[in-house]
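Please read the structure below before turning to the comments.
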Amino acid sequence: MPVNLKGRSLLTLKDFTMEEFNYLLNLSMDLKRKKRAGIRGNLLDRKNVVLLFEKASTRTRCAFETAVYDEGGMVTFLTNSQMGKKESIEDTAKVLGRYYDGIEFRGFKHETVESLAKHAGVPVWNGLTDLYHPTQILADFLTIKEHVAKPLNKVKFVFVGDARSNMGNSLMIGGAKMGMHFVGVAPKELFPSDSLINEMKKVAELTGAVIEFTESIDKGVRDADVIYTDVWVSMGEEDKYEERIKLLEPYRVNKELMGKTGNTDTIFMHCLPAFHDLGTSVGQEMHEKFGITEMEVTDEVFRSPQSVVFDEAENRLHTIKAIMVATMGNL
């Protein structure tokens, strides 16, 4: 059946079918080949996009801006609007929907992006909220398709760390939708909500996915095709570093953990930024306070041949471009 996503918003991958997910991944691959061939695009010609940012960003902002420019569109980057201060989210959405063909939001409350989508009248894309990070998952799964010699529904994907973060939530949703064997390896205190786990297990019954959570590293990572981790403390949780370090230090991805997969072809993934050395002010601060030189991943693994983190980062561009082309482009 043909897939038509014109006019659709992307708030969470819960709203997309396996067929729609695959369509976006295939479109991403086509657009990536086009970019690498140096072909100038016009699929977003005369399209205007506004980016609303409450949280700092490198990859999300740069990927959205470059993607729009690559296909002939224009971008406004907006961080100082009156939204939520002197003007309601609803009113802001209605105004921006009159000016722009699409709206991206990166911020804290998921309710904000839901309200924008409800009232804007144009596609709205979630660039990250406290609950979900759907554009990242598309980039991750494109990277897996490029580096793992298996279809997605044969892949064992293991997330190690804070499994109830927006990344933990979103990767589980993506895994369930795509029929993968998804395992969350984390302290029980950091498992996702029971309601979300149960919801995704129901999805898994339809797609053939397996959804599991365990505190055991040995059990969880065995036979993994992908080991994935993320920062231990998300933006807005900076007061939790000491607590998370105590909880998650045993779950640091190191050479020993990678070896426990028993699979020499296991790849390492991370959505970035990563605290793998002392090259950041936050890393220096954690070293001074707690005596650690690395957090969620060792520098050895991060820089190893198994690491595909920069291919993964590049794929943010191609998958974000595909989302915009599919939902508002000149197809």
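Heads up: take any position in the sequence shown, counting from 1, add 3, and you land on the working numbering. Cβ coordinates follow ideal geometry from the N, Cα and C atoms, glycine included. Being a predicted model, the structure only gives us computed values, none of them experimental.
{"Item": "In whole angstroms, what is the alpha-carbon distance linking Arg225 and Phe194?", "Value": "19 Å"}
{"Item": "Okay, do the region 6 to 13 and the region 128 to 137 touch, 3+ Cβ pairs below 8 Å being the bar?", "Value": "yes"}
{"Item": "Is the Cβ-Cβ distance between Arg255 and Ala142 less than 8 Å?", "Value": "no"}
{"Item": "Tell me, please, whether the region 315 to 330 touches the region 13 to 32 by the rule of three or more beta-carbon pairs shorter than 8 Å.", "Value": "yes"}
{"Item": "Per DSSP, which residues does Tyr231 bridge with? Please list them.", "Value": "Phe162, Met272"}
{"Item": "For Gly130 and Thr63, which I take to be in contact (beta-carbon distance under 8 Å), what is that distance rounded to the nearest angstrom?", "Value": "5 Å"}
{"Item": "My output table needs one value for Glu215: the three-state DSSP class, helix, strand or coil.", "Value": "strand"}
{"Item": "Given that a residue counts as buried once 16 or more other Cβ atoms are within 10 Å of its Cβ, and exposed if not, what is Gly282?", "Value": "exposed"}
{"Item": "What is the residue span of the alpha helix (DSSP H) that Val116 lies within?", "Value": "113 to 123"}
{"Item": "When you compare the CB positions of Thr269 and Ala227, do they come within less than 8 Å of one another, or not?", "Value": "yes"}
{"Item": "Following the continuous alpha helix (DSSP H) through Asn29, name the residue where it begins and the one where it ends.", "Value": "21 to 39"}
{"Item": "So for Gly130, helix, strand or coil by DSSP?", "Value": "strand"}
{"Item": "Who are Leu13's beta bridge partners in DSSP?", "Value": "Trp128"}
{"Item": "What residue range does the beta strand (DSSP E) around Gly187 cover?", "Value": "184 to 188"}
{"Item": "Is it right to say Thr1 is buried, meaning 16 or more other beta carbons lie within 10 angstroms of its own, or is it exposed?", "Value": "The structure shown does not extend to residue 1, since the chain spans only 4 to 334, so no value can be given for it."}
{"Item": "Between the C-alpha atoms of Thr210 and Glu90, what's the straight-line distance to the nearest angstrom?", "Value": "43 Å"}
{"Item": "Using the Cα positions of Glu107 and Arg101, report the straight-line distance between them to the nearest angstrom.", "Value": "15 Å"}
{"Item": "For Asn51, name the three-state secondary structure that DSSP assigns.", "Value": "strand"}
{"Item": "Which residue marks the beginning of the alpha helix (DSSP H) containing Ile295, and which one marks its end?", "Value": "Per DSSP, Ile295 belongs to no alpha helix (DSSP H) and is neither H nor E."}
{"Item": "Hey, quick one: how far does the beta strand (DSSP E) through Leu81 stretch, first residue to last?", "Value": "77 to 81"}
{"Item": "Cβ of Gly87 within 8 Å of Cβ of Leu47?", "Value": "no"}
{"Item": "Could you round the C-beta distance between Phe185 and Arg109 to whole angstroms and report it? I think they count as a contact, below 8 Å.", "Value": "Rounded, the Cβ-Cβ distance is 25 Å, inconsistent with contact."}
{"Item": "Between Val6 and the rest of its own chain, which residues show a CB-CB distance below 7 Å, the 5 nearest in sequence each way excluded?", "Value": "Glu22, Glu23, Tyr26"}
{"Item": "By Cβ distance below 7 Å, which residues in the same chain neighbour Pro126 in space, the five residues on each side in sequence not counted?", "Value": "Gly10, Arg11, Ser12, Gly105, Thr330, Met331"}
{"Item": "By a C-beta neighbour count over all protein chains shown, 10 Å radius and 16 as the cutoff for buried, is Phe19 buried or exposed?", "Value": "buried"}
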